[in-house]
Amino acid sequence: MRLLVTGGAGFIGANFVHSTVQERPAVAVTVLDVLTYAGSRESLRSVDDQIRLIEGDLVDESLVDTLVAECDAVVHFAAETHVDNALAGPAPFVRSNVVGTFSVLEAVRRHGVRLHHVSTDEVYGDLPLHGDERFTAQTPFNPSSPYSATKASADLLVRAWVRSYGVRATISNCSNNYGPYQHIEKFIPRQITNVLTGRRPKLYGTGANVRDWIHVEDHNSAVWHILEGGVCGSTYLIGADGERDNLSVLQLILALMGRDADDFDHVPDRVGHDLRYAIDASALRAELGWTPKHTDLTEGLTSTIAWYRDNEWWWGPLKEQVEAGYTERGQ
Ligand code: NAD
Ligand code: TDX
1 MRLLVTGGAG FIGANFVHST VQERPAVAVT VLDVLTYAGS RESLRSVDDQ
51 IRLIEGDLVD ESLVDTLVAE CDAVVHFAAE THVDNALAGP APFVRSNVVG
101 TFSVLEAVRR HGVRLHHVST DEVYGDLPLH GDERFTAQTP FNPSSPYSAT
151 KASADLLVRA WVRSYGVRAT ISNCSNNYGP YQHIEKFIPR QITNVLTGRR
201 PKLYGTGANV RDWIHVEDHN SAVWHILEGG VCGSTYLIGA DGERDNLSVL
251 QLILALMGRD ADDFDHVPDR VGHDLRYAID ASALRAELGW TPKHTDLTEG
301 LTSTIAWYRD NEWWWGPLKE QVEAGYTERG Q
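Following this line, the structure appears as structure tokens:
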């Protein structure tokens with residue numbers, strides 16, 4: 001199989017490329033990535049002689065057309081992904097997430113190529129903090145932020161291209177990922193690298209907001225299950241029953257790193273901050289037989305902390321600038 005992976009130099013995409021190269025040697029991987037601040041050649045360094053990396057933009061329709069024509073399937077990860085950046089400046093989110101997905105859809109339509117579109121649970125908005133309701137594929141879209149609105153828009157384009165043009169596409173909406181190679185602007189790696197550099201972790205508001213954590217390897221194994229066994233036109237929700245409030249995740253990180261439970265700062269809350277996400281992944285488990293492997297958050301965080309401790313070469317050069325940006329926003 002010749003596989004085109006968009007956004008393969010970002011967090012989830014790079015982990016996907018690593019596991020694909022390792023576990024599926026018959027798959028020829030091409031990565032298309034424009035290498036924004038969030039993408040890095042370094043994330044693919046260990047596999048660079050086993051893949052082809054094309055530095056280019058999703059909105060470059062002729063480049064996307066050429067690459068899609070050469071492949072059997074596309075896994076579309078590329079997007080602008082950080083909610084705080086979307087709040088500060090939404091334009092790149094509309095460009096990459098909406099126009100970029102349109103460009104991919106037009107190319108797969110022209111060439112009859114199978115597409116898997118990677119999306120987020122944030123398209124469904126948020127749930128009440130206390131309760132046991134969870135998102136399913138039937139939950140109506142209700143995005144809160146410019147980021148989630150552009151992801152919902154992209155999902156709607158994919159659905160319409162399936163219905164109107166018979167494009168062979170599946171969609172997945174996954175919960176919050178963690179693991180190696182995640183950009184240090186995001187919650188878990190920001191706090192780990194704050195501790196590693198002698199800074200105090202920063203918690204938005206009271207930390208009561210709940211996220212449903214999944215290890216990136218489990219997200220990616222679900223993507224492979226869907227690519228191979230998913231029904232075109234279907235949406236699959238991916239989650240591993242990992243609900244935790246932010247304060248308890250932070251205090252677990254502090255404990256695992258030998259710090260006191262109160263060794264952090266409260267900073268102003270994110271505007272429009274989604275309260276709670278929770279995924280019901282029973283359809284994916286029942287239909288495609290997928291099960292997550294990393295269900296113990298303490299174990300998953302222990303290995304993630306070890307990865308950041310051992311790989312300062314990868315994140316160290318970014319740290320000052322990322323924290324300067326947060327300081328400017330008062331967070
Ligand atoms: P990331 O920000 O780490 O990586 C995104 C990658 O896309 C980067 O390498 C970037 O250079 C590339 N990119 C952005 N715009 C591009 C463009 N116009 N052309 C080509 N490449 C471009 O993101 P991530 O966390 O790895 O997320 C990957 C996908 O998974 C996204 O679609 C995101 O919405 C989705 N997702 C993420 C999470 C999560 O917790 N991180 C959860 C659910 C879904
Ligand atoms: O310093 C911080 N302190 C803090 O309390 C940061 C960066 C975040 N937070 C909070 C905000 C959220 O409630 O932690 C939670 C997680 O924040 P992010 O890592 O920014 O993730 P989130 O906004 O939940 O979105 C993530 O999951 C869904 C990804 O960034 C999205 O791309 C994905 O679609």
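The sequence shown runs 1 to 331 under the UniProt record's numbering. Using N, Cα and C, we set each Cβ at its ideal position, and we do this for glycine too.
Any non-hydrogen atom of the ligand TDX closer than 8 angstroms to residue i Cβ
{"i": "Leu203", "result": "yes"}
{"i": "Glu248", "result": "Looking at the sequence shown, residue 248 is not Glu but Ser. No, since every heavy atom of the ligand TDX falls outside the 8 angstroms radius drawn around the Cβ of Ser248."}
{"i": "Glu320", "result": "no"}
{"i": "Ile171", "result": "no"}
{"i": "Lys151", "result": "yes"}
{"i": "Lys186", "result": "yes"}
{"i": "Asp84", "result": "yes"}
{"i": "Glu243", "result": "no"}
{"i": "Asp274", "result": "yes"}
{"i": "Asn142", "result": "no"}
{"i": "Thr81", "result": "yes"}
{"i": "Ser175", "result": "yes"}
Between the CA atoms of residue j and residue i - distance to the nearest angstrom
{"i": "Asp65", "j": "Cys71", "result": "10 angstroms"}
{"i": "Val113", "j": "Glu122", "result": "27 angstroms"}
{"i": "Gly10", "j": "Arg163", "result": "30 angstroms"}
{"i": "Ala152", "j": "Gln321", "result": "30 angstroms"}
{"i": "Asp310", "j": "Asn194", "result": "15 angstroms"}
{"i": "Arg190", "j": "Leu67", "result": "35 angstroms"}
{"i": "Val118", "j": "Asn173", "result": "7 angstroms"}
{"i": "Glu106", "j": "Gly13", "result": "22 angstroms"}
{"i": "Ser103", "j": "Asp60", "result": "8 angstroms"}
{"i": "Arg213", "j": "Arg134", "result": "Per the sequence shown, residue 213 should be read as Trp rather than Arg. So the alpha carbons of these two residues sit roughly 14 angstroms apart."}
{"i": "Glu312", "j": "Tyr124", "result": "35 angstroms"}
{"i": "Asp280", "j": "Leu115", "result": "23 angstroms"}
{"i": "Leu53", "j": "Thr101", "result": "19 angstroms"}
{"i": "Glu243", "j": "Asp296", "result": "11 angstroms"}
{"i": "Glu23", "j": "Leu3", "result": "14 angstroms"}
{"i": "Val75", "j": "Thr6", "result": "6 angstroms"}
{"i": "Thr36", "j": "His111", "result": "27 angstroms"}
{"i": "Thr291", "j": "Ala283", "result": "11 angstroms"}
{"i": "Gln50", "j": "Val29", "result": "8 angstroms"}
{"i": "Glu323", "j": "Gly230", "result": "41 angstroms"}
{"i": "Pro25", "j": "Asn15", "result": "15 angstroms"}
{"i": "Glu299", "j": "Arg199", "result": "24 angstroms"}
{"i": "Thr120", "j": "Glu287", "result": "20 angstroms"}
Proximity of residue i and residue j at Cβ, strictly below 9 angstroms
{"i": "Ala222", "j": "Ile238", "result": "yes"}
{"i": "Gly207", "j": "Leu250", "result": "yes"}
{"i": "His225", "j": "Gly272", "result": "no"}
{"i": "His219", "j": "Tyr147", "result": "no"}
{"i": "Ile184", "j": "Thr235", "result": "no"}
{"i": "Leu247", "j": "Pro128", "result": "no"}
{"i": "Leu58", "j": "Val99", "result": "yes"}
{"i": "Gly240", "j": "Ser175", "result": "Residue identity check: residue 240 is Ala in the sequence provided, not Gly. Result yes, Cβ atoms of Ala240 and Ser175 sit closer than 9 angstroms."}
{"i": "His130", "j": "Leu203", "result": "no"}
{"i": "Trp314", "j": "Ser46", "result": "no"}
{"i": "Ala86", "j": "Ser145", "result": "yes"}
{"i": "Val21", "j": "Glu55", "result": "no"}
{"i": "Met1", "j": "Ala73", "result": "yes"}
{"i": "Ala149", "j": "Pro143", "result": "yes"}
{"i": "Tyr308", "j": "Arg211", "result": "no"}
{"i": "Thr304", "j": "Ile188", "result": "yes"}
Residue i CB to nearest heavy atom of the ligand NAD below 8 angstroms
{"i": "Ala38", "result": "yes"}
{"i": "Ile12", "result": "yes"}
{"i": "Gly230", "result": "no"}
{"i": "Thr139", "result": "no"}
{"i": "Ala107", "result": "no"}
Nearest-angstrom beta carbon gap, residue j and residue i [assumed within contact, 8 angstroms]
{"i": "Val31", "j": "Gly8", "result": "3 angstroms"}
{"i": "Gly205", "j": "Asp269", "result": "3 angstroms"}
{"i": "His215", "j": "Gly258", "result": "The pair is not a contact, with the Cβ atoms about 23 angstroms apart (cut-off 8 angstroms)."}
{"i": "Thr302", "j": "Leu256", "result": "6 angstroms"}
{"i": "Pro317", "j": "Phe264", "result": "Wrong, their Cβ atoms sit about 24 angstroms apart, outside the cutoff."}
{"i": "Val167", "j": "Arg109", "result": "5 angstroms"}
Three-state secondary structure (DSSP) of residue i
{"i": "Asp262", "result": "coil"}
{"i": "Asp245", "result": "strand"}
{"i": "Glu55", "result": "strand"}
{"i": "Asp126", "result": "coil"}
{"i": "Leu275", "result": "coil"}
{"i": "Lys186", "result": "coil"}
{"i": "Val27", "result": "coil"}
{"i": "Asn97", "result": "helix"}
{"i": "Phe135", "result": "strand"}
{"i": "Val113", "result": "coil"}
Any chain D beta carbon closer than 9 angstroms to residue i
{"i": "Gly207", "result": "Looking at the structure shown, chain D is missing, and only one protein chain is on hand."}
Contact test: residue i Cβ vs the ligand GTP heavy atom, cutoff 8 angstroms
{"i": "Val99", "result": "By its list of ligands, the structure shown excludes the ligand GTP, since it contains just the ligand NAD and the ligand TDX."}
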